[in-house]
Each structure stands twice: as C-alpha cells, then as structure tokens.
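J.: Pasting a structure here, questions to come.
In the numbering used here, the protein residues as written are 89 to 280.
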C-alpha cells in the first residue's frame with residue numbers, strides 16, 4: 089500500500105477527501121509560487137474560502153491527537169463556559185494549508201519546504217459556521233548558508249471582516265521549479 093492509500097484511511101471530512109495530498113502531481117506543480125518568483129510586499133486576498141464545520145475541528149483534534157473534550161464535545165465545551173466547540177489552537181494551520189492551493193501564497197505547500205518557525209496571534213475565537221478568508225503578504229526573503237528563506241504574514245478573517253488570526257511565518261523553500269523537480273527525484277533540493 090502506498091502512502092496516499094495509507095493517508096486515505098484517515099480522511100474523514102469532505103474537505104480532507106477532496107484535498108489532493110500528492111504535492112508532486114503535475115497540475116499542482118504548475119500552481120506553486122517559488123522562492124525566485126516571490127515579490128516582497130505583495131498582498132494577496134486568497135479567493136478560496138473555508139467554511140468551518142464541526143467535523144473539521146474534530147478531525148483536526150483527533151489527528152493531533154489531543155484528548156481535551158472541549159475539542160470534541162459541544163455540550164462539555166458549553167459547561168466549561170464556551171459558546172460551542174473550541175478549535176485546537178493549531179487548527180488554523182490546517183485552514184491555511186487548505187486555502188493556499190495555488191499561486192501567490194502557495195509556498196507552504198511547495199514540496200521540499202520546511203517550517204523553522206511561526207508566531208500565531210488569535211484575535212477572536214473561530215466557531216462552527218465561520219466562513220474564513222485569507223490574506224497573505226510576503227515581507228522578506230534572504231539566503232543564509234545556502235538555504236532560501238522567506239517570511240510572510242497570514243491573516244484570517246471571518247465572513248463579517250473580523251480578524252480571527254494573524255500569523256508571522258518563516259519558511260525555507262526550494263529556490264526554483266527545477267529544485268522541486270530535484271526534490272521529487274530524491275535529490276537534495278535545498279542546497280546551493
């Protein structure tokens with residue numbers, strides 16, 4: 089059994105089932121934005137939306153795994169003073185990954201990318217029924233010890249324009265499309 093078949097066993101939600109996990113397929117490769125293409129200061133409103141469903145929040149908490157019942161049991165969460173299910177603190181990383189499918193901002197999905205750090209700020213709770221929109225801004229890129237770094241800002245807003253989360257992300261990326269193809273062949277793509 090290949091890794092895609094193995095992963096399919098754990099896909100429970102509609103979003104998980106429609107999401108392609110084969111990041112090296114040709115169609116996805118054509119949609120990535122590479123380090124050498126990044127425009128510093130470019131602000132992009134991502135056209136895709138993420139409608140938060142209870143199954144999304146529960147599946148993420150199960151996948152982490154985190155046994156805190158506020159992530160699984162709405163009645164328990166209400167008894168604890170919340171107005172419904174509570175998303176796992178890192179649930180927003182799943183949302184970002186889902187929304188950043190192609191074009192500007194797709195860096196997080198690029199094969200061979202690495203995440204050496206991020207700072208996340210939550211401004212308002214994410215709730216079931218929220219429809220989330222993402223805005224990204226690339227604000228720095230540099231070369232250090234033969235590796236290609238970039239930093240970008242991600243902001244998640246709900247359907248009313250209220251800021252839910254702000255994240256400052258750092259990635260190490262392949263420099264170019266050719267580097268990703270090296271990665272696909274099992275070669276070291278992140279070396280100068």
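Glycine included, every Cβ here is placed at the ideal spot set by N, Cα and C.
Which residue marks the beginning of the beta strand (DSSP E) containing residue 254, and which one marks its end?
T.: On the chain shown, position 166 is the one that residue 254 refers to. Counting along the chain, the beta strand (DSSP E) containing residue 254 begins and ends at 251-261.
J.: Tell me whether residue 182 sits in a helix, a strand or coil according to DSSP, three-state version.
T.: One-based indexing of the chain shown puts residue 182 at position 94. Reduced to three states, the DSSP call for residue 182 is helix.
J.: Thinking C-alpha only, which one of 136, 175, 128 and 154 is nearest residue 143?
T.: As a working note, residue 143 is residue 55 in the chain shown. Taking only the C-alpha atoms, the option nearest residue 143 is 175.
J.: Which of the three DSSP states, helix, strand or coil, is assigned to residue 157?
T.: For the purposes of this step, residue 157 is identified with residue 69 of the chain shown, where counting begins at 1. Correct three-state label for residue 157: helix.
J.: To the nearest angstrom, how far is the alpha carbon of residue 261 from that of residue 201?
T.: The residue given as residue 261 occupies position 173 in the chain shown. The residue given as residue 201 occupies position 113 in the chain shown. Whole-angstrom Cα-Cα distance: 5 Å.
J.: With a 10 Å radius around its C-beta and 16 neighbouring C-beta atoms as the bar for buried, classify residue 185 as buried or exposed.
T.: The residue given as residue 185 occupies position 97 in the chain shown. Exposed, because fewer than 16 other Cβ atoms sit within 10 Å of the Cβ of residue 185.
J.: So the candidates are 272, 268 and 136; which of them puts its Cα closest to the Cα of residue 189?
T.: As a working note, residue 189 is residue 101 in the chain shown. Selected option, being the one with the closest Cα: 136.
J.: Closest by CA to residue 210, which one among 121, 230, 245 and 229?
T.: Mapped onto the chain shown, residue 210 falls at position 122. When only C-alpha atoms are compared, the closest one is 245.
J.: Compute the Euclidean distance between the alpha carbons of residue 160 and residue 101, then round it to the nearest angstrom.
T.: Here residue 160 is taken as the residue at index 72 of the chain shown, counted from 1. Here residue 101 is taken as the residue at index 13 of the chain shown, counted from 1. Computed Cα separation, rounded: 14 Å.
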